[in-house]
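Respectively, the protein sequence lines represent chains A and B. All letters in the first sequence, in the order written, are residues 1 to 299 by this note's numbering. All letters in the second sequence, in the order written, are residues 300 to 592 by this note's numbering. Even glycine gets a Cβ: it sits at the ideal position worked out from N, Cα and C. Being a predicted model, the structure only gives us computed values, none of them experimental.
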Amino acid sequence: MDMTASGTDAAVRIRGLRKTYGGVAAVDGIDLDIARGETFALLGPNGAGKSTTVEILEGYRLRTAGEVSVLGIDPAHGDLDWKARLGIVLQSATESGVYTVREQLTHFGRFFADPRDVDEVIAAVGLQEKAGTRISKLSGGQRRRVDVALGIIGRPELLFLDEPTTGFDPEARREFWNLIRGLKAEGTTILLTTHYLDEAAQLGDRAGIILGGRLVDVGGVDELGGREARVPIVRWRDRSGVTREVRTEAPAELVASVARELGGEPAGLEVIRPSLEDIYLQLVRAAEAETRDDEEALA
Amino acid sequence: MSETTTTTTAAAHAARGSHGRATRPGMLRIGASRIAYEIKGYFRSPDAVFFTFLFPIIMLGIFTAAFSAAGDIQPGPGAEGISVGAYYLPGMLAAGMLLSGVQNLAVDIATEKGDGTLKRLGGTPLSPVSYFLGKIGQVFVTAVLQAGLLLLVSATLFGIALPATTDAWLTFAWVFVLGVATSALLGIALSALPRSGKSATAVVIPIVLVLQFISGVYLRFNILPEWMQNLASVFPLKWMAQGMRAAFLPDDFKVLEQNQEWDLGWVAIALVAWLVIGLVISRLTFRWIRRDA
Chain A
1 MDMTASGTDA AVRIRGLRKT YGGVAAVDGI DLDIARGETF ALLGPNGAGK STTVEILEGY
61 RLRTAGEVSV LGIDPAHGDL DWKARLGIVL QSATESGVYT VREQLTHFGR FFADPRDVDE
121 VIAAVGLQEK AGTRISKLSG GQRRRVDVAL GIIGRPELLF LDEPTTGFDP EARREFWNLI
181 RGLKAEGTTI LLTTHYLDEA AQLGDRAGII LGGRLVDVGG VDELGGREAR VPIVRWRDRS
241 GVTREVRTEA PAELVASVAR ELGGEPAGLE VIRPSLEDIY LQLVRAAEAE TRDDEEALA
Chain B
300 MSETTTTTTA AAHAARGSHG RATRPGMLRI GASRIAYEIK GYFRSPDAVF FTFLFPIIML
360 GIFTAAFSAA GDIQPGPGAE GISVGAYYLP GMLAAGMLLS GVQNLAVDIA TEKGDGTLKR
420 LGGTPLSPVS YFLGKIGQVF VTAVLQAGLL LLVSATLFGI ALPATTDAWL TFAWVFVLGV
480 ATSALLGIAL SALPRSGKSA TAVVIPIVLV LQFISGVYLR FNILPEWMQN LASVFPLKWM
540 AQGMRAAFLP DDFKVLEQNQ EWDLGWVAIA LVAWLVIGLV ISRLTFRWIR RDA
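What follows is the structure in structure tokens.
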């Protein structure tokens, strides 16, 4: 499996990354390249090593072994000029929020050489009506939008988004996705970690799945899991009421033949194209089964 | 976003050169904007305003009212006395310095560590130098306002006569500046102690409170047992209060001090020593986040 994008112009380059806590590996040998301008979605259950990996890239944690380069710099030695090129949206911050949205963005903008226009950013995250409201008075979803706004105020080359839409209503998520597409169109490289597989499918150019500290699959969001995992499923009930399920590359043909055979509409007919979520869950289950087998083999 | 945005980005990139340097605002400029930001945040936090800003003023009000019938305090039998309020004013000024620095910053920074503020800042190009300029600047501005208000209220509401000599005000000025600086650095140092943001007040306030009781803020220092006086002398608050008494009390009162002298030299030495200790601990312990907890 080729886990690396081509070219020397990678925004993120990871080789053999390991992070252990007291001998236990949270990240256990990851290789990955993220190209400039790419949106990469990192998926995986809680505790799989997702956050640890991202925090190493952000400079918050030190690695145990391996090579890491983020925008050409080792994050363990990243200086302020390097940080000025990043935008980091962390998971849930719970600051007291005594500043208004506009005050907070204006203040954070001052750290940068060429910040975005504050009102433009407020509009981009859809908080125009809350611009003068203290952050503590906002709803969870609105606070999250402030987090995103603070992440992009400095015009980052590389944006880290950790579970950005937790607590958003469906409409706010759609708006957020449009915002991210806009940043992408400007050439921003984005590393997204999310629990929402549809979000990864909507935004990601490529996605990677981390399980047990290892990257078990990397590919385009429409290639992940391989061809086999994406074979459509046709499901119907036969004459005796038993549910039949067949995987086929030619679902229309199968449905036609089933209909001919039954001499009418098949009951409970469904044609299912596995979503990224289905594929993800298959991979997670397969990996869990493998670990169990390994453990049994050891025992 | 728009075409203009693209152009300005290109221009900024050109100005920055290949290393992204040059046009990012300097540490001092960002520090100055941090000071304004921190002061605004301070006055919007009811806890900070009540327990650090107004507290000494309220305490002086209570002391003045409670002991108004107790008569004057005299340095010795037959000597000319001063009102209870006038006697306690220097102690309250010292308490204000301690609260504005130690209590305020230790709780504030520990809370910021706990609620993700520091982690967020650590992911931006904000220099720790600018961050601390903001904190220390906030302490100075709020401490000056607090002392000003305390003196104003003392002179107007409580009828306390303020010193008339330049010498006394000069003593007040250097003790105040040195004491506030020491307090601010000790506050930063102490912020490393609470294990979480939620426990910050529970860890910090008892320390500060005990110091105030043994250092001659709420209880007259000369009536404390000698061992307690000696214990208090290890810590900086006793010296701040002593310096303030030197500035505000009539000279006769120096007989009530441990050495029957104001010992301003020792005040300076003790405060500078604690300033250095605070600086060293702050430098050694401060992290935006616990990098590998």
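Trp468 of chain B counts as exposed, since fewer than 16 other C-beta atoms from the protein chains shown sit within 10 angstroms of its C-beta. Minimum Cα-Cα distance from Leu211 of chain A among the listed residues A:Val258, A:Leu62, A:Glu290 corresponds to A:Glu290.
Within the region 306-389 of chain B, there are no complete beta strand (DSSP E) runs of at least 3 residues. Chain A places a beta carbon closer than 9 Å to that of Thr423 of chain B, counting this residue as a contact. DSSP, reduced to helix, strand and coil, places Thr189 of chain A within a strand of the structure shown. Counted as a single uninterrupted DSSP element, the beta strand (DSSP E) harbouring Val68 of chain A occupies residues 65-70. Asn403 of chain B is not a Cβ neighbour of Tyr336 of chain B, given a cutoff of 9 Å. Contact between Ser275 of chain A and Leu203 of chain A is absent: CB atoms are separated by about 15 Å, not below the 8 Å threshold. Residue contact with chain B for Phe40 of chain A: absent (no Cβ-Cβ distance below 9 Å to any residue of chain B). Leu183 of chain A is positioned such that its CB atom lies closer than 9 Å to that of Leu159 of chain A. Inter-segment contact for the region 372-379 of chain B and the region 455-466 of chain B is absent: fewer than three beta-carbon pairs are separated by less than 8 Å. With a threshold of 16 other beta carbon atoms within 10 Å, Pro493 of chain B meets it and is buried.
Nearest CB-CB separation between Ser495 of chain B and chain A: not below the 9 Å threshold. Just so you know, the alpha carbons of Val12 of chain A and Leu191 of chain A end up roughly 9 Å apart. For the region 202-236 of chain A, the set of residues with a beta-carbon nearer than 9 Å to any beta-carbon of chain B is empty. Every unbroken stretch of the beta strand (DSSP E) spanning 3 or more residues and falling wholly within the region 232-277 of chain A is given here in chain order: 233-237, 243-247, 267-272. Rounded to the nearest whole angstrom, the C-alpha separation of Val146 of chain A and Asn521 of chain B is 55 Å. For the C-beta of Ile329 of chain B, the chain A residues within less than 8 Å are, from N- to C-terminus, Arg110, Phe111. Look at Gly370 of chain B: its C-beta is not under 9 Å from any C-beta on chain A.
One Cα belongs to Glu288 of chain A, the other to Arg36 of chain A, and the distance between them is close to 33 Å. If you check the CB distance, Ala41 of chain A and Thr194 of chain A come in under 9 Å. Within a 10 Å sphere around the beta-carbon of Trp538 of chain B sit 16 or more other beta-carbons, which makes this residue buried.
When 8 Å is used as the limit between beta carbons, Leu86 of chain A is near these residues of chain B: Gly422, in chain order.
DSSP lists A:Ala25 as the beta-bridge partner residues of Thr20 of chain A. Taking the C-beta atoms as reference points, Ala113 of chain A is found no nearer than 9 Å to Arg419 of chain B.
The region 173-180 of chain A and the region 14-21 of chain A do not touch, with fewer than 3 CB-CB distances between them shorter than 8 Å.
Separation of the CB atoms of Thr470 of chain B and Gly390 of chain B is rounded to 15 Å, and the pair is thereby denied contact status at 8 Å. Look at the beta carbons and you see the region 118-129 of chain A not touching the region 74-85 of chain A: under three pairs across the two are nearer than 8 Å. Against Lys137 of chain A, chain B offers no close residue; the least beta-carbon distance is about 12 Å (beta-carbon pairs closer than 8 Å). For Leu448 of chain B, the closest alpha carbon among the candidates B:Ala480, B:Thr481, B:Leu359, B:Thr363 is that of B:Leu359. No Cβ of chain A is located within less than 9 Å of the beta carbon of Ile381 of chain B. With a threshold of 16 other beta carbon atoms within 10 Å, Gln511 of chain B meets it and is buried. Of the residues assessed, Trp236 of chain A falls on the buried side of the cut-off, its CB having 16 or more other CB atoms within 10 angstroms. Close to chain A, meaning a Cβ-Cβ distance shorter than 8 Å, is no residue of the region 434-464 of chain B at all. As the crow flies, the alpha-carbon of Leu388 of chain B is around 10 Å from that of Ser382 of chain B. In the structure shown, the three-state DSSP call for Ala10 of chain A is strand.
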